[in-house]
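Number of protein chains: 2
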Amino acid sequence: MLEKIDHIGIAVPDLDAAVAVYSRLFGIEPTHREVVASDGVETAMFEVGESRIELLGSLGPDSKIANFLVKRGGGIHHVAYGVADVQLALDHLAAEGTQLLDTAPRPGAGGRLVAFLHPRAAAGVLTEICQPDPSRPSGDH
Amino acid sequence: MLEKIDHIGIAVPDLDAAVAVYSRLFGIEPTHREVVASDGVETAMFEVGESRIELLGSLGPDSKIANFLVKRGGGIHHVAYGVADVQLALDHLAAEGTQLLDTAPRPGAGGRLVAFLHPRAAAGVLTEICQPDPSRPSGDH
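Here the protein sequences line up with chains A and B, keeping their order. Here the working numbering is used: the first residue of the first sequence is 1, the next is one more, and so on. Here the working numbering is used: the first residue of the second sequence is 1001, the next is one more, and so on.
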């Protein structure tokens, strides 16, 4: 059901500085940057194999990563797995008793439909599942 | 240079319990379990696309994940990228001024040669690079 690692989300206190670090590490520039206003974050994506590294900068104290940055100073925020159909996967997981944070897919970065599982459902790891959103451009190109 | 996400290492307080959680989540059993005595850990590997999820249990208070478990209770410990040649990659990174924890490859889990970069070199993320070790079986099959 979980087909691949779609991306790893890394929360950073300074997005421009982190983009410079990862550009040197990977030897490539990010494929795109994007503000996800609903989450209060700006993202920068790097392609690596079939996956991506998603750097996440906070746009303010109410963003989805603000508390994480205060507590941890930065680091890996979540892991996202690619699935064929987020709603089907959510229904399957819910039927198994998996704790979910989202019960329906919502728009995420990179033209994806996304949903989050509770960290308790994945040994303490905030876990996302996602699929391309056919109604939006991917933003990857 | 970094060709793919080879694996994500997740430190867990109870390896058997975490294996049960991820077996249900992925719908598959781990491909293998292995003690890495030099790191004081036992690992269980799950294949997902071209990558793996590596669950890490601690074998004692001196293990490489013991402090992390005390501080965090568990979670993502490191990310490993696949490279063609770890020593060449280390030399390249060192020449660029990247902070390294290992300056030469050493044996890791799953028949890999591995080396770690300092978290400061990757925006706060403990980062490994690895390659198959031609002198050892992979243990994946």
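Cβ coordinates follow ideal geometry from the N, Cα and C atoms, glycine included.
8 Å Cβ shell around residue i - same chain, five flanking residues per side excluded
| i | result |
| --- | --- |
| Lys1004 of chain B | Glu1050, Ser1051, Tyr1081, Gly1082 |
| Ile28 of chain A | Phe46, Glu47 |
| Lys1064 of chain B | Asp1039, Gly1040, Val1041 |
| Val1125 of chain B | His1078, Val1079, Pro1119 |
| Asp1127 of chain B | One point to set straight first is that residue 1127 of chain B is Thr, not Asp, in the sequence displayed. Cβ within range, chain order: His1078, Val1079, Ala1080, Tyr1081, Phe1116, Leu1117, Pro1119, Ala1121. |
| Gln99 of chain A | Leu117, His118, Arg120, Ala121 |
Residue i, DSSP secondary structure in three states
| i | result |
| --- | --- |
| Gln1131 of chain B | strand |
| Arg1136 of chain B | coil |
| Ser58 of chain A | strand |
| Val70 of chain A | helix |
| Ala1080 of chain B | strand |
| Asp6 of chain A | strand |
| Leu1126 of chain B | coil |
| Ala1121 of chain B | helix |
| Gly97 of chain A | coil |
| Ala1115 of chain B | strand |
| Gly1049 of chain B | coil |
| Gly1075 of chain B | strand |
| Ala89 of chain A | helix |
| Ala44 of chain A | strand |
| Ala1011 of chain B | strand |
| Met1001 of chain B | coil |
Residue from the options whose Cα sits closest to the Cα of residue i
| i | options | result |
| --- | --- | --- |
| Gly111 of chain A | A:Ala17, A:Asp16, A:Val35 | A:Val35 |
| Gly57 of chain A | A:Ile76, A:Val48, A:Glu47 | A:Ile76 |
| Val41 of chain A | A:Thr127, A:Gln99, A:Asp14, A:Pro30 | A:Asp14 |
| Arg136 of chain A | A:Leu25, A:Asp91, A:Pro107, A:Leu126 | A:Pro107 |
| Asp1039 of chain B | B:Ala1020, B:Leu1025, B:Asn1067, B:Pro1030 | B:Asn1067 |
| Gly73 of chain A | B:Arg1120, B:Ile1065, B:Gly1073, B:Leu1025 | B:Arg1120 |
| His1118 of chain B | B:Leu1093, B:Lys1071, B:Gly1009, B:Ala1037 | B:Leu1093 |
| Val21 of chain A | B:Gly1097, B:Asp1102, B:Thr1103, B:Ala1020 | B:Gly1097 |
Neighbourhood of residue i by C-beta, 7 Å cutoff - its chain only, sequence neighbours within 5 removed
| i | result |
| --- | --- |
| Asp1007 of chain B | Note on residue identity: the sequence assigns His, not Asp, to residue 1007 of chain B. Cβ within range, chain order: Ser1051, Arg1052, Ile1053, Glu1054, Ala1080. |
| Ala89 of chain A | Met1, Val83, Ile129 |
| Pro1105 of chain B | Val1086, Gln1087, Leu1113, Val1114, Ala1115 |
| Leu1069 of chain B | Ala1011, Pro1013, Ser1058 |
| Asp1133 of chain B | Pro1107, Gly1111, Arg1112, Leu1113 |
| Phe26 of chain A | Phe46, Val48 |
| Asp62 of chain A | Gly40 |
Residues near residue i in its chain [Cβ-Cβ closer than 6 Å; skip 5 each side]
| i | result |
| --- | --- |
| His141 of chain A | Any reading at His141 of chain A must be qualified, since the residue scores a pLDDT of 40, below 50, and its modelled position is unreliable; the value itself is stated next. Nothing listed; no residue qualifies. |
| Gly60 of chain A | Gly40 |
| Ser1023 of chain B | Glu1029 |
| Gly9 of chain A | Glu54, Leu56, His77, His78 |
| Ala1037 of chain B | none |
beta-carbon residue i near the ligand GDP non-hydrogen atom, thresh 7 Å
| i | result |
| --- | --- |
| Glu96 of chain A | What this structure holds is no ligand at all, so the ligand GDP is not there to describe. |
Burial state of residue i (16 or more Cβ within 10 Å)
| i | result |
| --- | --- |
| Ala1122 of chain B | buried |
| Ala1018 of chain B | buried |
| Gln1131 of chain B | buried |
| Leu1101 of chain B | exposed |
| Asp1091 of chain B | exposed |
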